[in-house]
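As C-alpha cells, the structure follows; a few thoughts come after it.
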Amino acid sequence: MELFLLFDFSTKTPISKIDIDKIVGVMKTYLVLWFNSNGALPSEIDRSLMSLGFKAVQGNYDYVYDWGDNVNLDEILRFTDQIHMTLNGSGVMFKTETVNGQ
Numbered sequence: 014m015e016l017f018l019l020f021d022f023s024t025k026t027p028i029s030k031i032d033i034d035k036i037v038g039v040m041k042t043y044l045v046l047w048f049n050s051n052g053a054l055p056s057e058i059d060r061s062l063m064s065l066g067f068k069a070v071q072g073n074y075d076y077v078y079d080w081g082d083n084v085n086l087d088e089i090l091r092f093t094d095q096i097h098m099t100l101n102g103s104g105v106m107f108k109t110e111t112v113n114g115q
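Mapped onto this note's numbering, the consecutive letters of the sequence shown carry residue numbers 14 to 115.
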C-alpha cells in the first residue's frame, strides 16, 4: 500500500510517495499491572501472561506483546479480552496500550 506525502495541487499529481508499512511499523501492546496483596502471586500471573505471548520488560511497562506488522482493532480487542479472562479473579488490575513500537 502506498501513501502520497507530497501533492502538487496545481497539477493534481503526487510529488513523492512512501510505503505506508514503513510508517506503521511493528505494533506492540504494552501492559501495566497493579497487584493486590490478597490476590494471586506475581509469579503465577507472570506464567499466565507468558503463555499468552507477553515478554516481561523493565521500565514504564511490565510486559510487551509484539504483533508484528499487521494488526487491526478487532484483534486487539479479542486479545484484551484474553488478558481479562486470564486475570479474572486474580485481584490484578491492568492497563493496555497498543502503539507503533519503534
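Every residue gets a Cβ at the ideal spot worked out from N, C-alpha and C, and that includes glycine.
Since we're looking at a predicted model, the values are computed, not measured.
One or two residues paired with residue i in a DSSP bridge
i    : result
M40  : G81 and N113
A69  : Y76
M106 : W47
Option nearest residue i by Cα separation, candidates the options
i    : options           : result
E40  : F67, Y78 and Q71  : Reading off the sequence shown, one finds Met at residue 40, where the question assumed Glu. For M40, the nearest C-alpha among the options comes from Y78.
E110 : Y76, A53 and L65  : Y76
W80  : G72, F67 and D59  : F67
Y74  : D82, V112 and L46 : L46
N49  : N101, L62 and I96 : N101
T42  : T99, E88 and P55  : E88
Whole-angstrom C-beta distance between residue j and residue i, which should lie under 8 Å
i   : j    : result
L44 : F107 : 6 Å
G52 : G104 : 2 Å
F69 : D59  : In the sequence under discussion, the amino acid at residue 69 is Ala, which differs from the Phe named in the question. Yes, they are in contact, since the Cβ atoms of A69 and D59 sit about 7 Å apart, within 8 Å.
Residue i - DSSP class collapsed to helix/strand/coil
i   : result
L54 : coil
Check: residue i C-beta below 7 Å from any heavy atom of the ligand HEM
i   : result
N85 : Absence of the ligand HEM is noted for the structure shown, with no ligands found whatsoever.
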